[in-house]
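Novice:
Residue numbers (our numbering): 10 to 196.
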């Protein structure tokens with residue numbers, strides 16, 4: 010007998026080779042609305058599943074998204090500033106033991122979208138490294154100038170993201186300075 014992993018891989022390969030068979034396979038994967046129904050509720054549920062995969066609360070999606078759905082998921086991730094976090098989910102799905110070494114098309118994702126998403130995740134990581142470095146430099150400078158200071162929100166909370174901390178999209182550096190309003194304002 011075949012293992013369940015190779016059976017899953019065979020089912021996914023069928024989808025790639027035969028779009029009609031793939032559409033039928035997608036509609037059987039879960040009880041979610043069909044692939045042609047891009048309702049807000051359906052896409053929200055699919056997006057939340059992707060986030061749960063990134064957080065380690067799910068092993069994979071219950072539904073194989075179509076190319077159009079992957080594009081919508083990417084747009085939702087951009088809108089929610091979760092591009093890097095959601096890309097971690099895509100990597101987890103592709104690193105599933107039965108899919109290791111497969112191209113993104115095996116999960117219905119266009120290759121170009123995968124490359125774009127990967128590039129954005131790499132850019133987010135680089136930006137986080139830069140912001141972390143700036144936080145350290147700023148704190149050192151303020152400390153040398155005699156100000157007790159605290160990095161607030163953003164970068165200080167990133168540690169709560171665990172392995173996803175470098176994929177978190179940050180904005181500015183929020184800092185608290187002790188010394189009173191007038192002294193800090195004059196600085």
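Note that the Cβ used here is the ideal one computed from N, Cα and C, for glycine as well.
#1: Count the other CB atoms within 10 Å of the CB of residue 137; is the residue buried (16 or more) or exposed (fewer)?
#2: Is it true that the CB of residue 58 sits closer than 7 Å to the CB of residue 119?
#3: Give the straight-line distance between the Cα atoms of residue 50 and residue 70, rounded to the nearest whole angstrom.
#4: Whole angstroms is fine: what's the gap from residue 95's alpha carbon to residue 191's?
#5: Do the segment 85 to 99 and the segment 175 to 187 touch if we need at least three Cβ pairs shorter than 8 Å?
#6: So if DSSP puts residue 161 in a beta bridge, which residue, or which two residues, is it bridged to?
#7: Please look up how many angstroms separate the CB atoms of residue 98 and residue 63, rounded, as I've assumed it's under 8 Å.
#8: DSSP on residue 174, reduced to helix/strand/coil?
#9: Whose CA, out of 181, 83, 195, lies closest to the CA of residue 142?
#10: I need the straight-line Cα distance from residue 184 to residue 170, nearest angstrom please.
#11: Counting only the same chain and skipping the five closest in sequence on each side, list residues whose C-beta sits under 7 Å from that of residue 140.
#12: When you compare the CB positions of residue 186 and residue 158, do they come within less than 7 Å of one another, or not?
#13: Going by C-alpha to C-alpha distance, which of 154, 86, 127 sits closest to residue 195?
#14: I believe residue 111 touches residue 103 by the beta-carbon criterion, under 8 Å. Please report the beta-carbon distance rounded to the nearest angstrom.
#15: Here's the rule: buried if 16 or more other CB atoms are within 10 angstroms of the residue's CB, otherwise exposed. What is residue 85?
#16: Measure from the alpha carbon of residue 152 to the alpha carbon of each residue in 108, 81, 188, then state which is nearest.
Specialist: Reading it off the structure:
#1: Along the chain shown, one-based indexing puts residue 137 at 128. Looking at its Cβ environment, which holds 16 or more other Cβ atoms inside 10 Å, residue 137 is buried.
#2: If you number the chain shown from 1, residue 119 lands on position 110. If you number the chain shown from 1, residue 58 lands on position 49. No, Cβ-Cβ distance for residue 119 and residue 58 is not below 7 Å.
#3: For the purposes of this step, residue 50 is taken as the residue at position 41 of the chain shown. For the purposes of this step, residue 70 is taken as the residue at position 61 of the chain shown. Taking the straight line joining both Cα atoms gives about 16 Å.
#4: Taking the chain shown and counting its residues from 1, the one referred to as residue 95 is at position 86. Taking the chain shown and counting its residues from 1, the one referred to as residue 191 is at position 182. The straight-line gap from Cα to Cα measures roughly 43 Å.
#5: yes
#6: In the chain shown, the residue the question calls residue 161 occupies position 152. Answer is 183, bridged to residue 161.
#7: Here residue 98 refers to the residue found at position 89 of the chain shown. Here residue 63 refers to the residue found at position 54 of the chain shown. Indeed, because the Cβ distance is near 4 Å, the residues count as touching under 8 Å.
#8: Along the chain shown, read from residue 1 onward, the residue named residue 174 stands at position 165. Residue 174 falls in the helix class under three-state DSSP.
#9: Along the chain shown, one-based indexing puts residue 142 at 133. Of the listed residues, the one whose Cα sits closest to residue 142 is 181.
#10: The sequence position of residue 184 within the chain shown is 175, counting from 1. The sequence position of residue 170 within the chain shown is 161, counting from 1. Approximately 20 Å, taken between the alpha carbons.
#11: The count along the chain shown starts at 1 and reaches residue 140 at position 131. Once the five neighbours on either side are set aside, the close Cβ partners of residue 140 are 164, 179, 182.
#12: Working through the chain shown from its first residue, we reach residue 186 at position 177. Working through the chain shown from its first residue, we reach residue 158 at position 149. Result yes, Cβ atoms of residue 186 and residue 158 sit closer than 7 Å.
#13: By one-based count along the chain shown, residue 195 stands at place 186. When each option's Cα is compared against that of residue 195, the closest is 154.
#14: Position 102 of the chain shown, counted from the start, is the residue given in the question as residue 111. Position 94 of the chain shown, counted from the start, is the residue given in the question as residue 103. The pair is a contact, with the Cβ atoms about 7 Å apart (cut-off 8 Å).
#15: The sequence position of residue 85 within the chain shown is 76, counting from 1. By the 10 Å Cβ count, residue 85 comes out buried.
#16: Here the question's residue 152 lines up with position 143 in the chain shown. When each option's Cα is compared against that of residue 152, the closest is 188.
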